[in-house]
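K.L.:
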Amino acid sequence: MEEKKPVKKDQEIVYYQEDEIDLYELWLILKKRWKVVVSTPLIFVITAVVYIFIAKPVYTSSFFVKIPKNISGYIKYNEKGVLRISPVYLFSQEETISLIKRFNYKSKDFSFIIASESKEKENKETIKIEIGVYKPSIIPDISKSLISYLNSNPYVKRKIETERAKLQIFIKESKDKLHEMEKTKELIYKDLKNGKIQNLGFNPLDLDTKILNIKKEIAELEIRLKNLKGFEISVYPAIPEKPSKPKKKLILAVSVVSGLFLGVFLAFFFEWIENASRRHKEKQL
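Take 7 as the starting number for the sequence shown in the working numbering and just add one per residue.
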């Protein structure tokens, strides 16, 4: 930008500032300070390359866990990926450290563990667990260990045991009821055959229908009891072939752009410092 130029008007000096930017003058400044413009992004790129070589590659994988129906309403998440199964928090920073020790892994094997709600409509009853590790070969073992950890939660165990006891009571009551119905049916048919009962007042075939319904109810309850297993993996994690971090291309691109912007800024800043210093010396003379 050109400096203010004095103009005499009625014995007075009037200063004005030109608004136009002389692009050629800017080019001359950049040409003059080319070392700064070139060396700054070069330093950034070298730093980025060193970081890429030093940084440990992180392998990311995710899997889905089926939530037991009796505790699905107690699952909560926060913005940091911390899973909360009331009243216990899981996968917080402290819990992750505890998990590492529990699984007999070293801290250098883990990068992060994040739990979140599945975004897929058909998987609303599932938890998405994303894990970052430095050794991809341990991903299958970690997923199994995490399921074991979830099912060992005292709150989860209590809810599962309560539901199991409830189902067992229902099955026992239904079987007792079935036994009584079958016994009653046997006596009625026996009395009908011997002519002891002339008029029942109801169709004896209705007993067969009720007995079948009770058997169906028992079968459904036994299936529910059999499937009561707590948390289960619904989609197993894949072992990634390439690391997700560090993002080499992105880091290099950002370093080049950032270094170039800073280099241009420094070039103009040094030029301004030099001009200001020169004007200051001229005034002193």
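Don't be surprised by glycine CBs; every beta carbon is placed ideally from N, CA and C.
1) For Arg39, is the classification buried or exposed, using 16 other Cβ atoms within 10 angstroms of its Cβ as the cut-off for buried?
2) Less than 8 Å between the beta carbons of Lys165 and Ile73, yes or no?
3) Excluding the 5 residues preceding and the 5 following Glu223 in the sequence, name in chain order all residues of the same chain whose CB lies nearer than 7 Å to its CB.
4) In the DSSP assignment, find the unbroken alpha helix (DSSP H) run with Gly269 in it and report its ends.
5) In terms of DSSP beta bridges, what is Phe69 paired with?
6) Could you check the C-alpha separation between Phe267 and Pro252 for me, to the nearest Å?
7) Measure the Cβ-Cβ separation of Ile245 and Ala54 and say whether it is below 8 Å.
8) Have a look at Thr132 and Ile144 and give me their C-alpha separation to the nearest angstrom.
9) Starting from Ile229, follow the beta strand (DSSP E) in both directions and report where the run begins and ends.
10) Is it the case that the Cβ atoms of Ser149 and Phe69 are separated by a distance below 8 Å?
11) Which same chain residues end up closer than 6 Å to Phe237 when comparing Cβ atoms and leaving out the 5 residues on each side of it in sequence?
12) If we ignore side chains and look at the alpha-carbon of each, how far apart do Val139 and Ser261 end up?
13) Between which two residues does the beta strand (DSSP E) holding Ser45 run?
14) Put Ser158 into one of helix, strand or coil per three-state DSSP.
15) Is DSSP giving Phe176 helix, strand or coil here?
16) For Leu227, count the other beta carbons within 10 Å of its own beta carbon; 16 or more makes it buried, fewer makes it exposed. Which is it?
P.N.:
Looking at the coordinates:
1) The residue given as residue 39 occupies position 33 in the sequence shown. Of the residues assessed, Arg39 falls on the buried side of the cut-off, its CB having 16 or more other CB atoms within 10 angstroms.
2) The residue you call residue 165 lines up with position 159 of the sequence shown. The residue you call residue 73 lines up with position 67 of the sequence shown. No; because the gap between Cβ atoms is not below 8 Å, this pair is not in contact.
3) Taking the first residue of the sequence shown as position 1, residue 223 is located at position 217. Only Ser180 meet the Cβ criterion.
4) To locate residue 269, count along the sequence shown from 1; it is residue 263. First-last of the alpha helix (DSSP H) with Gly269: Lys254 to Gln290.
5) Your numbering for residue 69 matches position 63 in the sequence shown. Phe69 pairs with Ile135.
6) Along the sequence shown, read from residue 1 onward, the residue named residue 267 stands at position 261. Along the sequence shown, read from residue 1 onward, the residue named residue 252 stands at position 246. Going from the Cα of Phe267 to the Cα of Pro252 covers about 23 Å.
7) The residue labelled residue 245 in the question sits at position 239 within the sequence shown. The residue labelled residue 54 in the question sits at position 48 within the sequence shown. No, they are not a contact pair.
8) For the purposes of this step, residue 132 is taken as residue 126 along the sequence shown, with counting starting at 1. For the purposes of this step, residue 144 is taken as residue 138 along the sequence shown, with counting starting at 1. Each residue's alpha carbon lies about 23 Å from the other.
9) Walking along the sequence shown from the start, residue 229 turns up at place 223. Run containing Ile229: none in the beta strand (DSSP E); it sits in the alpha helix (DSSP H), Leu211 to Lys232.
10) If you number the sequence shown from 1, residue 149 lands on position 143. If you number the sequence shown from 1, residue 69 lands on position 63. The answer is yes: Cβ separation under 8 Å.
11) To locate residue 237, count along the sequence shown from 1; it is residue 231. Val71, Ile153, Leu156 and Asn157, listed in sequence order.
12) Within the sequence shown, numbered from 1, the residue matching residue 139 stands at position 133. Within the sequence shown, numbered from 1, the residue matching residue 261 stands at position 255. Each residue's Cα considered, the two are about 26 Å apart.
13) Taking the first residue of the sequence shown as 1, we reach residue 45 at position 39. Looking at the DSSP string, Ser45 is not in any beta strand (DSSP E); the run it does join, the alpha helix (DSSP H), is Trp40 to Ile60.
14) As a first step, residue 158 is located in the sequence shown; it is residue number 152 there, counting from the start. Of the three classes helix, strand and coil, the one that applies to Ser158 here is coil, per DSSP.
15) Numbered from 1 along the sequence shown, position 170 holds the residue referred to as residue 176. Reduced to three states, the DSSP call for Phe176 is helix.
16) Reading the sequence shown from its first residue, position 221 is the one you call residue 227. It is buried - the Cβ of Leu227 has at least 16 other Cβ atoms within 10 Å.
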